[in-house]
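Colleague: First the structure, then my questions, so here it is.
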Amino acid sequence: MAGVGAGQSLDVEDGPYYLEKVSIPEDSEDDYQYEEVAADDEWSLTEGEEDLEAAVKALREQTEGTQTVPKTPSALQSLSRKPEVVDDFLRNFLIKMGMRKTLDCFQTEWYEMEQRGLQQVGFVPDAYTHNQLLGNRIKSLEKERESYRQAAFKAGEALVKLQKERDFHRMQHKRVVQEKNRLTEDLRRLKKHYASYEPALRQLKDKYQAALKQKMLIGLERDRAVGQIAGLEATLRNVQSERDVLPRRVTMTQKSSKDTSVLRGQSKRSPDREPRQPVDGVAPYDSAKDPTKHPKVSKHPKDSEFPVDSRVNPYLSQVKGQAAQAAKASGFRLTSSLKAHELPVSCLALHPRKQILVTASDDRLWKMWGIPNREIIMTGEGHADWLSGCCFHPDGGKLATTSGDTAVKVWDFSRGECVLTLEGHARAAWGCSFHTCGDFVASCSLDNTSKVWDLHSERCRCTLRGHVDSVNSVVFLPFSNTLLTSSADKTLSLWDARTGLCAQTFYGHLHSCNHATFNLMGDTVVSCDSYGVVKLWDVRKVAAMLSIDTGPHPGNQTAFSPSGRTVAVASNDGSVKLLDLASSQVTSLVGHEDAVQSVVFSHRGEYLFSGGSDGTVHFWS
């Protein structure tokens, strides 16, 4: 540093200068470690070539070599200024201010202290650097404070929003609680109010049923009175006619006999339709005085007359004869099977007198089979869609079929063709049933109606309207003008075929009724629904007698045995359910591979026939 001070003093033109002898010890106090600089092998000259020309030549080659190699720009290095030493700061300050004497005195005293070891060298603090660091820190703290302030503002806004939502939901909760209390009070009041309706409804229902029964009794009394009056009038006419001369009476008798034969030839009635003589005080039937014949209804010239309802059911004696075979009902076994159709068998019908069975199928065909040899006799084809039901004419010479094409067809076996097609249903027809006289056939349909057709005038005599859903089955009460229908609206109804009016309705099923039929005596009805519940109804009391659950699979069809003590149910689970009405015991006959669609007993009850969706007919005995 003395050398530096001397050099600087020489720069001044007239300034004094001093020479000072300074000894540098071998061991420097700064303890600096000097490293050896290795000689560059590329620039080393061999011995003997150490002259000026060789050195210049080598220097030129080195310069050209460094110029040919492009220098890659080095990465910029960040420079940081370090604080200078205190003594250098003072020297620079004194030189800058031109205080030479003070500088000399400072250096002399400084080096003396250095020789004595009394120096404590420090750094001058860089106030600007500290100020910059503090400024940066202040900025970062301000940014952090601003972010915290924004977060605090957002939190405050969210808090206010949550408080508003809390108040809103609290108010809504109070409102809902008030409405709930009000509704609870209203329900309590309504329950109390409706509780008083039940006795009134029960009383009104009893009055209604009593009125209906009274109406039926009055109707019966009226018909009986009309018959008695007609009988009395006929008796009076006979008494008056006896006063005439004998030849005139003979002539009138012959003429009346001739007219009667002409009427029989025109209507082609069965022998049961012949005029009946008065029996036990019952007068002959006079259609002109029948109160059920409305005078305003237009008649067709070929319309048939409904028979009188006072006939005796001939099946009553047959039921008494079959009572001995009732014990055999639970002993049915599968004896044989018949592959009747490729598609499901939808309905079975048994000939009224012969051992002949007819099957109707979804393949649009009906087939006639001999029993028990299982030989095919006849095949019928003509419907445009699947067949749903079939029924024999009472004389056994005709067959009625219903189909999904909405038509009802009547087939004549003697002619081997369809002789009549009845069209009028709006949707598919489900089933049909002949009147005992053979002049009428009833059909039921998916269009919620049933129709009664006249075979002679070939037209619909009346349409039975009242069900609110599909009518699934229809059947005539034997030797009566009463019809029984079952519907998907869960009800059964009894109709008067002459007027088309509903006489009674049976309520009790909770699901769609699939089928219903009478026993041979006509005093009991059996029905099944889509959940397999089978109910027995007393026709006279219009009430359920027995309810048996054969579910959960639907019951598709029911049939009474001739004795009336056993009921067969075609179940959708592929079995035939036999119900013993005396013990309410259920027996299953398993044999079909798919749902059973139809069942029918033989005339004596020794055989049971079942048709299923597997296209087969099973014979049980």
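Residues in the sequence shown are numbered consecutively from 1, following the UniProt record's numbering.
Ideal Cβ placement from N, Cα and C applies to all residues, glycine included.
Using the Cα positions of residue 575 and residue 588, report the straight-line distance between them to the nearest angstrom.
Modeller: Looking at the two C-alpha atoms, the distance is approximately 6 Å.
Colleague: Give the DSSP bridge partners of residue 105, in chain order.
Modeller: Paired residue(s): none; residue 105 is not in a bridge.
Colleague: Buried or exposed for residue 445, please, with buried defined as at least 16 other CB atoms from any protein chain shown within 10 angstroms of its CB.
Modeller: Buried, because 16 or more other Cβ atoms sit within 10 Å of the Cβ of residue 445.
Colleague: With distances taken from CA atoms, which of 95, 566, 117 and 577 is nearest residue 583?
Modeller: Of the candidates 95, 566, 117 and 577, the one whose C-alpha sits nearest the C-alpha of residue 583 is 566.
Colleague: Out of 461, 609 and 456, which one is the CA nearest neighbour of residue 370?
Modeller: The option with the nearest alpha carbon to residue 370 is 609.
Colleague: Would the segment 423-432 and the segment 465-475 be scored as touching if the rule is three or more Cβ pairs under 8 Å?
Modeller: These segments touch.
Colleague: Residue ranges of each beta strand (DSSP E) run of no fewer than 3 residues wholly in the segment 488-548, ordered along the chain?
Modeller: Listed in chain order, the complete beta strand (DSSP E) runs (minimum 3 residues) inside the segment 488-548 are 491-496, 501-507, 513-518, 524-529 and 533-538.
Colleague: Would residue 513 and residue 493 be called neighbours here (beta carbons separated by less than 7 Å)?
Modeller: Going by C-beta atoms, residue 513 is not nearer than 7 Å to residue 493.
Colleague: Could you tell me the boundaries of the alpha helix (DSSP H) in which residue 97 lies?
Modeller: Residue 97 -> alpha helix (DSSP H) spans 86-97.
Colleague: What residue range does the beta strand (DSSP E) around residue 472 cover?
Modeller: Residues 471-476.
Colleague: Give the list of continuous beta strand (DSSP E) stretches no shorter than 3 residues that lie fully inside the UniProt repeat "WD" (380-421).
Modeller: Entirely contained in the UniProt repeat "WD" (380-421), the beta strand (DSSP E) runs reaching 3 residues are, in chain order, 387-392, 398-403 and 407-412.
Colleague: Between the segment 545-564 and the segment 598-609, can you find at least three pairs of beta-carbon atoms closer than 8 Å?
Modeller: Yes, they touch.
Colleague: Mind checking who residue 459 pairs with in its DSSP beta bridge?
Modeller: The partner list for residue 459 (beta bridge, DSSP) reads 454.
Colleague: Mind checking residue 105: buried by the 16 CB within 10 Å criterion, or exposed?
Modeller: Looking at its Cβ environment, which holds fewer than 16 other Cβ atoms inside 10 Å, residue 105 is exposed.
Colleague: Among 540, 498, 502 and 573, whose alpha-carbon lies nearest the alpha-carbon of residue 530?
Modeller: Nearest of 540, 498, 502 and 573 to residue 530, Cα basis: 573.
Colleague: Output needed for residue 537: all residues of its chain with C-beta closer than 6 Å, excluding positions within five of it in sequence on either side, in chain order.
Modeller: Result list for residue 537: 506, 525 and 544, in chain order.
Colleague: If you run the structure through DSSP and keep just helix, strand and coil, what is residue 617?
Modeller: Note: residue 617 maps to strand in three-state DSSP.
Colleague: Between the Cα of residue 535 and those of 563, 503 and 568, spot the shortest distance and give me the residue it belongs to.
Modeller: Closest option to residue 535, Cα to Cα, is 568.
Colleague: When the Cα of residue 637 is compared with those of 53, 424, 523 and 586, which residue comes out closest?
Modeller: In this structure the chain extends from 1 to 621, so residue 637 is not present and cannot be described.
Colleague: By how many angstroms is the C-alpha of residue 332 removed from the C-alpha of residue 620?
Modeller: Whole-angstrom Cα-Cα distance: 6 Å.
Colleague: Which of the three DSSP states, helix, strand or coil, is assigned to residue 465?
Modeller: Strand.
Colleague: How is residue 308 classed by DSSP in three states: helix, strand or coil?
Modeller: Note: residue 308 maps to coil in three-state DSSP.
Colleague: Out of 440, 150, 590 and 463, point me to the one whose CA is closest to residue 451's CA.
Modeller: Ranking 440, 150, 590 and 463 by Cα distance to residue 451 puts 463 first.
Colleague: Drop a sphere of 10 angstroms on the beta-carbon of residue 402, count the other beta-carbons inside from all chains shown, and report buried for 16 or more, exposed for fewer.
Modeller: Its Cβ being crowded by 16 or more others within 10 Å, residue 402 is buried.
Colleague: Can you give me the C-alpha to C-alpha distance between residue 166 and residue 186, rounded to a whole angstrom?
Modeller: Their Cα atoms are separated by approximately 30 Å.
Colleague: Taking residue 394 as the reference, which of 382, 349 and 491 has the closest Cα?
Modeller: Checked all of 382, 349 and 491; the closest Cα to residue 394 is 349.
Colleague: Rounded to whole angstroms, what is the Cα-Cα separation between residue 181 and residue 194?
Modeller: For residue 181 and residue 194, the distance between alpha carbons rounds to 20 Å.
Colleague: At the level of alpha carbons, what is the spacing between residue 338 and residue 496?
Modeller: When rounded, the distance between both Cα atoms is 39 Å.
Colleague: Could you check how far apart the C-beta atoms of residue 362 and residue 346 are, in whole angstroms? I think they sit under 8 Å.
Modeller: Indeed they touch by this definition, with Cβ atoms about 6 Å apart.
Colleague: Could you give the distance in angstroms between the alpha-carbon of residue 498 and the alpha-carbon of residue 217?
Modeller: The alpha-carbon atoms of residue 498 and residue 217 are separated by roughly 18 Å.
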